[in-house]
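Engineer: To convert, note that position 127 of the sequence shown is 625 in our numbering; the numbers rise steadily by one, no gaps.
Each residue gets a CB set at the ideal place from its N, CA and C atoms; glycine is no exception.
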Amino acid sequence: FFFFAMFSALASRTALVLPGRLATRQLASSLLSGSRPHFRLFSKHAPETTSSWQRTLRPLCAQVRGIGSRSLSTLVRQSGTNLQTLSKSASSATAALRQPGQKAVGWWLLGNAALVFGTVVVGGITRLTESGLSMVEWRPLMGILPPNSEEEWNRVFSKYKEHPEYSKLFPDMDLDHFKRIFFWEYTHRMLGRAIGLAFTVPMAFFWARGYLRGADRLKCLALAAGIGGQGLLGWYMVRSGLEDKNEEHWIPRVSQYRLAAHLGSAFALYTGMLYMGLTRVLPPIVKAIPKRGALLGGSHALATLTFLTAVSGAFVAGLDAGLVYNSFPLMGETFVPEDYITKEPLWKNMLENDAAVQFNHRCLGITTASVVAAYWMLSRRLPLPGRVRAAINMLGVVAATQVALGISTLLMLVPVPLAAAHQAGSLSLLSVALWLSSELRRLPK
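(1) Are the stretch 602–611 and the stretch 650–663 in contact at 8 Å, needing three or more beta carbon pairs?
(2) Provide the residue span of the alpha helix (DSSP H) that contains Thr840, from first to last.
(3) Would you call Lys785 buried or exposed, if buried means 16 or more other Cβ atoms sit within 10 Å of its Cβ?
(4) Thr777 and Arg940 look like a contact to me (Cβ under 8 Å); what is the Cβ gap, rounded to whole Å?
(5) Let me know the secondary structure DSSP gives Thr802 once reduced to three states.
(6) Relative to the C-alpha of Ile839, which residue among Ala853, Met829, Leu631, Thr832 is closest?
(7) Restricting to Cα atoms, I'd like to know which of Gly791, Ile693, Asn744, Met875 is closest to Ile890.
(8) Tell me whether Thr627 sits in a helix, a strand or coil according to DSSP, three-state version.
(9) Check the DSSP bridge columns for Met829 and list the partner residues they point to.
(10) Which residue comes first and which comes last in the alpha helix (DSSP H) that contains Val752?
(11) Cutting at 8 Å between CB atoms, please list the residues of its own chain near Asn851, excluding the five before and the five after it.
(12) Can you grab the Cα-Cα spacing for the pair Leu923 / Gly622, in whole Å?
(13) Contact between the stretch 900–912 and the stretch 760–771: three or more CB pairs below 8 Å?
(14) What does a CB cutoff of less than 8 Å around Met671 pick up in its chain, not counting 5 residues either side in sequence?
(15) Please confirm whether Leu800 and Tyr755 have their CB atoms less than 8 Å apart.
(16) Taking C-beta to C-beta, are Leu893 and Val930 nearer than 8 Å?
(17) Alpha carbon to alpha carbon, how far is Leu938 from Val603?
(18) In whole angstroms, what separates the C-alpha of Val869 from that of Met829?
(19) With a threshold of 8 Å, are at least 3 pairs of Cβ atoms found where one atom belongs to the stretch 696–709 and the other to the stretch 736–743?
(20) When the Cβ atoms of the stretch 759–767 are set against those of the stretch 718–730, are three or more pairs found closer than 8 Å?
(21) Between which two residues does the alpha helix (DSSP H) holding Met892 run?
Set out below in structure tokens:
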């Protein structure tokens, strides 16, 4: 009786004095009846946890009816096990947020994720405007400041003229045109440097203050190494477009393999930063839900599909494959293009054939959107917490928008604003899938 009285006092934030065996029966009756006065008060402060406590206390209340001559210690031992299980699940979900500085670490990671998002979008514009080969030198330290005199601009422009993109694609380019394409590549590189500083300097501070511990230190070191590797990989990609292959129909552009690796690693960095940040900023939900494992597995599958679709889009961009079939849903007169297989060995068509690469990207995009639609419809039957429901609804909205952007980009011959929005949409869809996954992963099993 003392155990139930204390719990009710804490739940309703009132002091209860219920003497005797009759009061015990009244307490059990109130908990099991439709009125539930204590739970009604408790629900106002923590509505998402109410049903979990009710499910835990129902079997205990059944025991109260037959308490009879049994000792208090026996009842406490039997009831303590059930409440301890729920308490452990809630405690483990909130342990990370209780550590000092975790909110600050979370916002730092989310800020870096936002910088990566912006850098990916600017990188897409750089590719779409044919600006990626305008800076033919890689000077990590000396290249921070742009040319600041006419003499310096002419020197940089002369360097650009020595490479095949100028002679084969833009032989009539003047200095003003060069300055416009230089701007995008310069901005992209400066954003990369900004991410390096914004990540490493605060990481050293958080490390010294003890806010990063154990596995978090290793994860942050891996992210820092990935940021440095991105700079090297970006230059390795640019160099592939500066080499003259002396082939009759060769077009100067970066390797689609290196472009896909550069974009894929950026998505991987973004995934790590966003996921770690969300788990530290958003408080966990302690309400158990049915089919949690299936929902969590589905969110992982959606994130993986989104990642693969985005990487396939890098092959489309690298080969300019978005310009070969500008119709939908047909490609020419058929669903599968007639020139799907034109190269030997067979696997090269998947990665080097313009028509096959575009068809594969279409299939992956339609598959991702279909899985999102199925996931949304199946989840409607389940009682889900508010944030989980909001994430699933947002997933459907972003997926539908992304499909519309992709089709519009294709039909309108890849205009820069639409194509850049389409690339940003892929990262937005991945963001929502990661948000959903972080919410489901921390729910009690």
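Structural biologist: Concretely, from the data shown:
(1) no
(2) Here Thr840 belongs to no alpha helix (DSSP H), and DSSP marks it neither H nor E.
(3) buried
(4) The pair is a contact, with the Cβ atoms about 7 Å apart (cut-off 8 Å).
(5) helix
(6) Ala853
(7) Minimum Cα-Cα distance from Ile890 among the listed residues Gly791, Ile693, Asn744, Met875 corresponds to Met875.
(8) The three-state secondary structure of Thr627, taken from DSSP, is coil.
(9) Answer by DSSP bridge pairing, in chain order: Thr832.
(10) It is not in any alpha helix (DSSP H) - Val752 carries neither H nor E in the DSSP assignment.
(11) Around Asn851: Asp837, Tyr838, Ile839, Thr840, Lys841.
(12) It is Gly, not Leu, that sits at residue 923 in the sequence shown. Their Cα atoms are separated by approximately 12 Å.
(13) no
(14) Scanning its chain for C-beta atoms nearer than 8 Å, with the 5 sequence neighbours on each side dropped, one finds around Met671 the residues Tyr664, in chain order.
(15) no
(16) yes
(17) 21 Å
(18) 23 Å
(19) no
(20) yes
(21) 884–909
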